[in-house]
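Its first residue numbered 306, the sequence shown is counted upward by one per residue in the UniProt record's numbering.
From the three backbone atoms N, C-alpha and C, an ideal C-beta is built for every residue, glycine too.
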Amino acid sequence: LELEMPMEGGGEQGRWEEERLKTASLSFGAKKEREKGLKAEREKYQLILEEDEMINFVSSAVIMKGTQDEKEQTALSQAEVQKQSIQEVRRSLPVFPYREDLLLAIQQHQILVIEGETGSGKTTQIPQFLMESGYNDGGMKIGCTQPRRVAAMSVAARVAQEVGVKLGNEVGYSIRFEDCTSERTVLKYMTDGMLLREFLTEPDLASYSVVIIDEAHERTLHTDILFGLIKDIARFRPDLKVLVASATLDTERFSCFFDDAPVFRIPGRRFPVDIFYTKAPEADYLEAYCLVFLTGQEEIETCCELLQERCRRLGSKISELLVLPIYANLPSDMQAKIFSPTPPGSRKVVVATNIAETSLTIDGIIYVIDPGFCKQKSYNARTGMESLIVTPCSRASANQRAGRAGRVAAGKCFRLYTAWAFKHEMEESTVPEIQRTNLGNVVLLLKSLGINDLIHFDFMDPPPHETLVLALEQLYALGALNHLGELTKLGRRMAELPVDPMLSKMILASEQYKCSEEVLTIAAMLSVNNSIFYRPKDKVVHADNARQNFVVPGGDHMVLLNVYTQWLESGYSTQWCYENFIQFRSMKRARDVREQLEGLMDRIEVEVCSSGGDIVPIRKAVTAGYFYHTARLSKGGYKTVKHQQTVYVHPNSSLFEEQPRWLIYHELVFTTKEFMRQVIEIDSSWLLEVAPHYYKNKELEDSSSKKMPRKQGKAKEELG
Ligand code: CDP
Ligand code: MG
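Structure follows, in structure tokens:
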């Protein structure tokens, strides 16, 4: 791998140096008195900490109650030691010296934008400052949103530990299908999507005294919608404090959007980072480096295997190398590993998605390797197709990635692309998600909040007009909106379920087709993200055989149902999963999701009942939700019915060989081509039954049917 210093090498380095020297630039008073005041305030804070420690001491004592005296003694002192070091770490964070300034600013301003380098303590410390100064008095809550589930969970766990409480008590988190909070919870970390849903039950967020919209720079769809809603409620809730926290990106825009809210800058503690580019573009970046930013789970796993394999070959020639993956779907115990200290004499390599760009801080990183790609959702508003595509990341992302190398000491960042590519082929910043995603979900939610005029909603960056229109059209086709664009009764019920409108409709349709038992299971299995089947590289044949054994007529949805049913019959057994190459963790999650959905059935008044083995009603219910996703087999292969786009059955599908004439797919993914993932066979007449206003008889005529050879599938309606 050939590397060169960039043409503007000195410049790059100079820029980093410059940032290092930058000092606090607070946009409001208290600057002068800071030096004087700080000392006194520190002393005050010291006291608070000591009180904290007292409480921790007491709570540890409670936990240890009932054990023998001696044990109790050691356990207590161990806890004390740990506590002390935690408090030391807290004090060492860049945000710590600004505690009082920050609290003062929050007191003086209703909305405050907070900017600070990743790792400066925004997410973990600021909510604690607020708790320590009584913002949770009278049972009021402090909410802090995160764009990613993983971040919400790991940060909540960390803060619970720092505060010295059990996770889920005073400090908790809430993510979709998983609520780890209680009546005692005063500090609640949650995904931005969850706070958005809370508007449904509490439109003015009355139980919150402070809402922190964290990682604002990520500009996820839900965060962007929150901006508009929260700006609105802040007007008639003067007591509500709003903090918009962001890495050092875009903060002027946030300030501008929130009527020139002041920006509080936490000066970074950044060391210089040397940046190296390759001389020529790197074709195979999995081969080319030894660490870091990749686009997804699959790449990460391959890379980790490669690294481990090479280490094995090198044997004792190199010191021990810890290779640790991190991505959103990684089990949390594995995730925790990246935060644990590296044993002396060994090195740590973290292979991550852009989750480690800003949401998670991993201490001690000196080298960053950046291939310059990420996986991004993109949306075609003409066809309504959403796909995940590996694309070059933005320059802003690349700079964030590089910045990870300079947190504890001077670092180096190796960019596996040319300086030219950086300048000319990368976008300045990432396009906000709202401009490249399906808006069905959000539109339904806003409509249920009574916001009818979406065109004039206060968007920071408005979505493309045609995307909005398409979302309205789709919701109309699903029956969620009437011809005036108003929410229907069905729409209101659909919005109650925390899932996409199509899935929601499918679940509601199961009422009519009397198969909600089965459809709930299918919905839950579809929600766990294609990670049901386990396929280890050294047991591919066994795994594929095991998978084949689950195949039943009808399609992949029916296979998923079959897997779940068998697992249930095994008594939710771990051993059963192991023997059948099924991921236990995914199944467990599916079970949780299913239970939650079943719990919601009551609220939307759907009776839970079973079709008793008849698979037609089940597939009709799927069709009622997903009729948009219909593909028909014609001469050249499958084409979508509405847009005549060529699509392919995924090789993993149970219908890959069978190739029935009419299919409904759950989702499209673009890898090497447009693959339909999770497909089910349908009868075209069902389309007229479930969506007569959307499909015309003519569209569904099989003009070429006589010439098409059709394998007689096993999937006959009589079966089952
Ligand atoms: O939000 P921001 O990026 O400003 O920083 P933070 O997430 O509050 O992190 C502050 C410190 O807490 C960092 O040094 C992290 O390494 C540490 N931390 C941790 O050890 N474990 C976590 N799960 C989260 C943060
Ligand atoms: Mg943070």
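*Going by beta carbon distance, what residues of the same chain come within less than 7 Å of alanine 829, once the five residues before and after it are set aside?*
Residue mapping note: residue 829 aligns to position 524 of the sequence shown, counting from 1. Only Ala895, Val898, Arg899, Leu902 meet the Cβ criterion.
_Excluding the 5 residues flanking threonine 936 on each side, which residues of the same chain have their C-beta closer than 6 Å to its C-beta?_
On the sequence shown, residue 936 is found 631 positions in, with the first residue counted as 1. Just to set this straight, residue 936 is alanine in the shown sequence, not threonine. These residues qualify, in order along the chain: Tyr943, Thr945, Val952, Leu968.
*Give the DSSP bridge partners of threonine 945, in chain order.*
By 1-based counting over the sequence shown, the position of residue 945 is 640. Its beta-bridge partners are Ala936.
*Report all residues from its chain with a CB closer than 8 Å to the CB of glutamate 823; omit the five preceding and five following residues, and keep chain order.*
By 1-based counting over the sequence shown, the position of residue 823 is 518. Hits under 8 Å: Ser815, Leu866, Ser915, Ser916, Ile923.
*Any idea what DSSP makes of leucine 1005, helix, strand or coil?*
Position 700 of the sequence shown, counting from 1, holds the residue named residue 1005. Note: leucine 1005 maps to helix in three-state DSSP.
*asked:* Any beta carbon from chain C within less than 8 Å of arginine 899's own beta carbon?
replied: Absence of chain C from the displayed structure is noted, only one protein chain being present.
*Could you tell me whether the Cβ atoms of serine 699 and threonine 663 are closer together than 8 Å?*
Position 394 of the sequence shown, counting from 1, holds the residue named residue 699. Position 358 of the sequence shown, counting from 1, holds the residue named residue 663. For serine 699 and threonine 663, no; Cβs fall outside 8 Å.
*So what's arginine 924 in DSSP terms, helix, strand or just coil?*
Here residue 924 refers to the residue found at position 619 when the sequence shown is read from its first residue. Residue state, collapsed to three classes: helix.
_As assigned by DSSP and simplified to three states, the class of proline 399_ = Taking the sequence shown and counting its residues from 1, the one referred to as residue 399 is at position 94. The three-state reading of DSSP puts proline 399 in coil, since its state is none of H, G, I, E or B.
*What's the C-alpha gap between valine 954 and methionine 863?*
The count along the sequence shown starts at 1 and reaches residue 954 at position 649. The count along the sequence shown starts at 1 and reaches residue 863 at position 558. In a straight line, the C-alpha of valine 954 is about 16 Å away from that of methionine 863.
*Can you list the beta strand (DSSP E) stretches of 3 or more residues lying completely in the stretch 656-683, in chain order?*
672-675
*Under the three-state DSSP convention, the category arginine 575 falls into*: To locate residue 575, count along the sequence shown from 1; it is residue 270. Of the three classes helix, strand and coil, the one that applies to arginine 575 here is coil, per DSSP.
*Can you pull the DSSP bridge partners for asparagine 685?*
Here residue 685 is taken as the residue at index 380 of the sequence shown, counted from 1. Looking at the DSSP assignment, asparagine 685 forms a beta bridge with Met690.
*asked:* For alanine 785, tell me which candidate among Leu398, Leu749, Gly498, Leu759 has the shortest Cα-Cα distance.
replied: For this step, residue 785 is matched to residue 480 along the sequence shown. Of the candidates Leu398, Leu749, Gly498, Leu759, the one whose C-alpha sits nearest the C-alpha of alanine 785 is Leu749.
*Could you tell me if the beta carbon of glutamine 451 falls within a distance shorter than 7 Å of some heavy atom in the ligand CDP?*
Counting from 1 along the sequence shown, the entry for residue 451 is found at position 146. No, Cβ of glutamine 451 sits at least 7 Å from all heavy atoms of the ligand CDP.
_Classification of phenylalanine 434 by the beta-carbon crowding that lies within 10 angstroms, buried from 16 upward_ = Taking the sequence shown and counting its residues from 1, the one referred to as residue 434 is at position 129. With 16 or more other Cβ atoms within 10 Å, it is buried.
*May I have the straight-line CA-CA distance separating asparagine 361 from glutamate 393, to the nearest angstrom?*
Taking the sequence shown and counting its residues from 1, one reaches residue 361 at position 56. Taking the sequence shown and counting its residues from 1, one reaches residue 393 at position 88. With a pLDDT of only 29 at asparagine 361, under the threshold of 50, the placement of this residue in the model should not be trusted; the figure read from the coordinates follows. If you take the alpha carbons of asparagine 361 and glutamate 393, they lie about 15 Å apart.
*asked:* Taking 8 Å as the threshold (C-beta atoms), are valine 400 and isoleucine 447 in contact?
replied: The residue you call residue 447 lines up with position 142 of the sequence shown. The residue you call residue 400 lines up with position 95 of the sequence shown. Not in contact: isoleucine 447 and valine 400 (Cβ atoms no closer than 8 Å).
*Compute the beta-carbon to beta-carbon distance between arginine 463 and threonine 496, rounded to the nearest angstrom, for a pair I have assumed lies under 8 Å.*
Taking the first residue of the sequence shown as position 1, residue 463 is located at position 158. Taking the first residue of the sequence shown as position 1, residue 496 is located at position 191. Not confirmed; about 17 Å, so no contact.
*Hey, how far is the Cα of proline 806 from the Cα of glycine 424?*
Within the sequence shown, residue 806 is the residue found at index 501, counting from 1. Within the sequence shown, residue 424 is the residue found at index 119, counting from 1. Going from the Cα of proline 806 to the Cα of glycine 424 covers about 37 Å.
*Can lysine 536 and phenylalanine 563 be called in contact, C-beta distance under 8 Å?*
Here residue 536 refers to the residue found at position 231 when the sequence shown is read from its first residue. Here residue 563 refers to the residue found at position 258 when the sequence shown is read from its first residue. Contact flag set, yes.
_Assuming contact is defined by CB atoms lying nearer than 8 Å, are glutamine 450 and isoleucine 518 in contact in what I supplied?_
Against the sequence shown, residue 450 aligns to sequence position 145. Against the sequence shown, residue 518 aligns to sequence position 213. Contrary to the premise, residue 450 reads as threonine rather than glutamine in this sequence. For threonine 450 and isoleucine 518, yes; Cβs fall inside 8 Å.
*Run of the alpha helix (DSSP H) containing leucine 773, from where it starts to where it stops*: Working through the sequence shown from its first residue, we reach residue 773 at position 468. That run of the alpha helix (DSSP H) goes 770-783.
*Write down every uninterrupted run of the alpha helix (DSSP H) in the stretch 876-921 whose length is 4 residues or greater and which is fully enclosed by it, in chain order.*
879-884, 889-908
*Could you have a look at glycine 650 and say whether DSSP puts it in helix, strand or coil?*
Within the sequence shown, numbered from 1, the residue matching residue 650 stands at position 345. Glycine 650 falls in the coil class under three-state DSSP.
*Could you tell me which of Val515, Gly677, Ile419 sits nearest to phenylalanine 569, measuring between CA atoms?*
The residue given as residue 569 occupies position 264 in the sequence shown. Here the closest residue by C-alpha is Ile419.
*Within the chosen definition, does the stretch 538-555 reach the stretch 514-529 through at least 3 CB pairs nearer than 8 Å?*
yes
*Nearest to proline 769 (by Cα), restricted to the options Glu730, Gln817, Gly689*: Here residue 769 refers to the residue found at position 464 of the sequence shown. Comparing Cα positions, the closest option is Gly689.
*One or two residues paired with arginine 451 in a DSSP bridge*: On the sequence shown, position 146 is the one that residue 451 refers to. According to the sequence provided, residue 451 is glutamine. The question's arginine does not apply to it. Looking at the DSSP assignment, glutamine 451 forms a beta bridge with Thr496.
*Nearest candidate by alpha-carbon position, reference cysteine 422, set Ile605, Arg540, Phe932, Pro572*: Locating residue 422 in the sequence shown gives position 117, where the first residue counts as 1. The identity of residue 422 in the sequence shown is glutamate, whereas the question assumes cysteine. Of the candidates Ile605, Arg540, Phe932, Pro572, the one whose C-alpha sits nearest the C-alpha of glutamate 422 is Pro572.
_Straight-line Cα distance separating glutamate 994 from leucine 1005_ = In the sequence shown, the residue the question calls residue 1005 occupies position 700. In the sequence shown, the residue the question calls residue 994 occupies position 689. Using only the alpha carbons, I get a separation of about 12 Å.
*To which residues of the same chain is lysine 370 closer than 7 Å at the C-beta, ignoring the five residues directly before and after it?*
Within the sequence shown, residue 370 is the residue found at index 65, counting from 1. A caution first: lysine 370 carries a pLDDT of 25, below 50, which makes its placement in the model unreliable, though a value can still be read off. Taken in chain order, the list of residues that qualify is empty.
_For the ligand CDP, is there any heavy atom lying closer than 7 Å to the beta carbon of threonine 951?_
If you number the sequence shown from 1, residue 951 lands on position 646. Threonine 951 Cβ: outside cutoff for every heavy atom of the ligand CDP.
*What did DSSP end up calling tyrosine 869 once you bin it into helix, strand or coil?*
Along the sequence shown, one-based indexing puts residue 869 at 564. If DSSP states are grouped into helix, strand and coil, tyrosine 869 belongs with the helices.
*Which value, in whole angstroms, describes the spacing of the CA atoms of arginine 797 and lysine 493?*
The sequence position of residue 797 within the sequence shown is 492, counting from 1. The sequence position of residue 493 within the sequence shown is 188, counting from 1. Looking at the two C-alpha atoms, the distance is approximately 27 Å.
*asked:* Let me check you understand the geometry: is the CB of glutamate 520 closer than 7 Å to at least one non-hydrogen atom of the ligand MG?
replied: Translated into positions along the sequence shown, residue 520 becomes position 215. Within the cutoff, so yes.
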